[in-house]
Structures are given as C-alpha cells and as structure tokens.
Amino acid sequence: MTISNSFETFAKEATEYQKAFNEMIHSWGEISVLDDKTQHLSYLAVLAATGKTSGLPFHVMLAKKAGASREEIISAIMVGLPAVGNEVINALPAALEAFDKN
1 MTISNSFETF AKEATEYQKA FNEMIHSWGE ISVLDDKTQH LSYLAVLAAT
51 GKTSGLPFHV MLAKKAGASR EEIISAIMVG LPAVGNEVIN ALPAALEAFD
101 KN
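Note that full-length UniProt numbering gives residue 60 to position 60 of the sequence shown, counting from 1, and the numbers run on in steps of one.
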C-alpha cells in the first residue's frame, strides 16, 4: 500500500509519536460499532471533505480490501459535496487512481 511522504517521514523521524498515534488509531477502531467497510468509506468522506488528499490512496486501498466497490468509493467521496462544495471533487482523481491501481 502507498502511504504519503509526510506519513513516511512521521514514522521515520518521530517514531515514538507515530507509535502512540498508531495505538490510539487501533483503539479507536476497536470501539467503533461500524463494520470495517463502512468505517473506511466514512473516513474517505472525511478526508475528501477536509481536503486531505495525501491520505486517500492508503485509505482507498483499506476500503477496497474491506470490500468497497469503485462506485462506493465515489459515493463516499461525494457525500460531502452539498456541505463543502468542490473540495470533495478535488479528491476524486486521487481516490479513483488508487482504486484502479490494484
């Protein structure tokens, strides 16, 4: 899976912070009542709505691994369109490129 340059640097240069961050993310996932696919699709919607496109390829692959279809990826990205406008449209190319890659 492809991770962003910034996250690679975070893991390499701030190892203890990255370890603590991963532990928090893991525990966060443990308490969620959403199934894996829904959790990943929801996260894609948040990334798209906030313009955090560097994380899209990694999280698209997690959603795909959890069983999300290409159409579900598109729908998740588009969820925020009424609320935030074209910010989500900017996320669509990166998300689909990551989905189609594998």
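Just so you know, even glycine gets a beta-carbon here, dropped at the ideal spot from N, CA and C.
Under the three-pair Cβ rule at 8 Å, the stretch 44 to 53 counts as touching the stretch 85 to 94. Linking G85 to P57 through their CA atoms gives a straight-line distance of about 21 Å.
Counting along the chain, A98 sits inside the alpha helix (DSSP H) bounded by residues E87 to K101. Sequence-distant Cβ neighbours of D36 in its own chain, meaning closer than 6 Å and more than five residues away, are A66.
Annotation for E87: G51 place their beta carbon closer than 6 Å to its own, counting only its chain and skipping 5 residues before and after.
Its Cα nearest to that of T38, the residue A76 stands out among E97, A76 and D100. Spanning the alpha carbons of F21 and V60 requires a straight line of approximately 20 Å. DSSP, read as helix, strand or coil, puts L34 in coil. Where K52 is concerned, there is no enclosing alpha helix (DSSP H), because DSSP gives it neither an H nor an E.
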